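Trainee: Quick one: the structure is below, and I'll ask about it shortly.
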């Protein structure tokens, strides 16, 4: 669908994108994340041909690829109703079918049929975002780019927008989703790219990315009291290190101990000492922990540690 190679962009001599590589397949829901100022919006603007690149290649599988773009803060005409605005969008993009029917379709898809008869100036932030998505969808784009579509929304508004994205994904849309809310990325995306210092720090499916940053096997154990260092679970032969936290402990396996073996040994030791834990679970890094770790420099890939 879209391949970016060696993309570079500077503003007044300041490098924003230094060597960006990116690969998006047809049907991907691609979570595009990074800190403020790292080049995400610049990348999206270049893909949409809003601004020029300095160097690099942007290759679409189909040279006639149509793109729908929702910027972070869409500017809508407050004196229009939702219906009027979308009919106007249809005219602007030279929609070849029935504008009346297409307007009704995108309003239904974004759950805005009832609100569309009101003036846009009276819309909530969530309604603005949904009308913005409807406009981005109007011309049946091959690639849909959403920049912070849930920014500043309350939980209910976020949930509504995420449901729309799920519907689009189920219908086979290819989407680039840029957001700082990483739980939303984990909820809907099948692929993620983390941008750092103008380059792609890591890219792949969320499962692949987590695997790249696996730490030693670790088990979180929540106990009915705060453990001390002499607690039997901390002194198992298979434990290399441990961290004590409020009402619990995290134990780390020695090299060569399998995840299953480590978990079984922990459960068995608790039972032998007649200790009833409140919870026992394998520790997994979340996407948010990986993102923070990459940007702080605290995380390196598993392969690079060996």
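In the numbering used here, the protein residues as written are 239 to 544.
Positions of the beta carbon are idealized from the N, C-alpha and C atoms, including for glycine.
Since the model is a prediction, treat every value here as computed from it, not as a measurement.
Roughly how many whole angstroms lie between the Cα atoms of residue 396 and residue 288?
Mentor: So the alpha carbons of these two residues sit roughly 27 Å apart.
Trainee: Just to confirm the assignment, what range does the alpha helix (DSSP H) spanning residue 545 have?
Mentor: Residue 545 is absent from the model: the chain starts at 239 and stops at 544.
Trainee: If you draw a straight line from the C-alpha of residue 525 to the C-alpha of residue 334, how long is it?
Mentor: Approximately 42 Å, taken between the alpha carbons.
Trainee: Excluding the 5 residues preceding and the 5 following residue 292 in the sequence, name in chain order all residues of the same chain whose CB lies nearer than 7 Å to its CB.
Mentor: Cβ neighbours of residue 292 beyond the five flanking positions: 246, 247 and 248.
Trainee: Could you check the C-alpha separation between residue 490 and residue 359 for me, to the nearest Å?
Mentor: If you take the alpha carbons of residue 490 and residue 359, they lie about 56 Å apart.
Trainee: Report the CB separation of residue 403 from residue 413 in whole angstroms; it is logged as a contact under 8 Å.
Mentor: With a Cβ gap of about 7 Å, residue 403 and residue 413 count as contacting.
Trainee: Since residue 508 and residue 515 are thought to touch, with beta carbons under 8 Å apart, how far apart are those beta carbons, to the nearest angstrom?
Mentor: The Cβ separation is near 6 Å, so the contact holds.
Trainee: With which residues is residue 437 paired in a DSSP beta bridge?
Mentor: Residue 437 is bridged to 434.
Trainee: So, helix, strand or coil for residue 264, using DSSP?
Mentor: Three-state result, residue 264: coil.
Trainee: Could you name the residues that DSSP lists as bridge partners for residue 241?
Mentor: Partner(s): 261 and 297.
Trainee: Use the C-beta contact count for residue 330: other C-beta atoms within 10 angstroms, 16 or more gives buried, fewer gives exposed.
Mentor: By the neighbour-count rule (16 or more Cβ atoms within 10 Å), residue 330 is not buried but exposed.
Trainee: Counting pairs of Cβ atoms below 8 Å between the stretch 358–373 and the stretch 308–325, do you hit three or more?
Mentor: Short answer: they touch.
Trainee: Within the present structure, is the beta-carbon of residue 245 separated from the nearest heavy atom of the ligand SAM by less than 8 Å?
Mentor: Among the components modelled here there is no ligand, and therefore nothing to report on the ligand SAM.
Trainee: State buried or exposed for residue 520, treating a residue as buried only when at least 16 other CB atoms are found within 10 Å of its CB.
Mentor: With fewer than 16 Cβ atoms within 10 Å of its Cβ, residue 520 is classed as exposed.
Trainee: Grab the span of the alpha helix (DSSP H) containing residue 343 for me, first residue to last.
Mentor: Segment 337–347, the alpha helix (DSSP H) holding residue 343.
Trainee: When the Cα atoms are used, what is the spatial distance from residue 386 to residue 459?
Mentor: Approximately 36 Å, taken between the alpha carbons.
Trainee: What do you get for residue 252, buried or exposed, if any count of 16 or more other CB atoms within 10 angstroms of its CB means buried?
Mentor: That one is exposed.
Trainee: Please report the distance separating the alpha-carbon of residue 540 from that of residue 369.
Mentor: With a pLDDT of 48 at residue 540, under the threshold of 50, the modelled position of that residue is not reliable, and the figure given next carries that caveat. Approximately 43 Å between the Cα atoms of the pair.
Trainee: For residue 440 and residue 300, I'd like the C-alpha separation in whole angstroms.
Mentor: One C-alpha to the other measures close to 26 Å.
Trainee: Leaving aside the five residues before and after residue 550 along the sequence, list all residues of the same chain whose C-beta is less than 7 Å from its C-beta, in chain order.
Mentor: This structure gives no information on residue 550, because the portion of the chain shown stretches from 239 to 544.
Trainee: Looking at C-alpha atoms only, which residue of 264, 254 and 531 is the closest neighbour of residue 241?
Mentor: Considering only alpha carbons, the answer is 264.
Trainee: With 16 other CB atoms within 10 Å as the buried threshold, where does residue 530 fall?
Mentor: Residue 530 should be labelled exposed.
Trainee: Can you give me the C-alpha to C-alpha distance between residue 267 and residue 388, rounded to a whole angstrom?
Mentor: Using only the alpha carbons, I get a separation of about 16 Å.
Trainee: Per DSSP, which one or two residues make a beta bridge with residue 429?
Mentor: DSSP lists 268 as partners of residue 429.
Trainee: Report all residues from its chain with a CB closer than 8 Å to the CB of residue 400; omit the five preceding and five following residues, and keep chain order.
Mentor: The residues are 388, 422, 425 and 426.
Trainee: According to the neighbour-count rule (16 or more other Cβ atoms, all chains shown, within 10 Å of its Cβ), is residue 411 buried or exposed?
Mentor: With 16 or more Cβ atoms within 10 Å of its Cβ, residue 411 is classed as buried.
Trainee: Quick check on this structure: which residue in 325, 362 and 332 has the alpha carbon closest to the alpha carbon of residue 344?
Mentor: Checked all of 325, 362 and 332; the closest Cα to residue 344 is 325.
Trainee: Is it true that the CB of residue 373 sits closer than 9 Å to the CB of residue 323?
Mentor: In this structure, residue 373 lies closer than 9 Å to residue 323 by Cβ.
Trainee: Alpha carbon to alpha carbon, what distance is there between residue 449 and residue 279?
Mentor: Straight-line Cα distance between these residues: approximately 28 Å.
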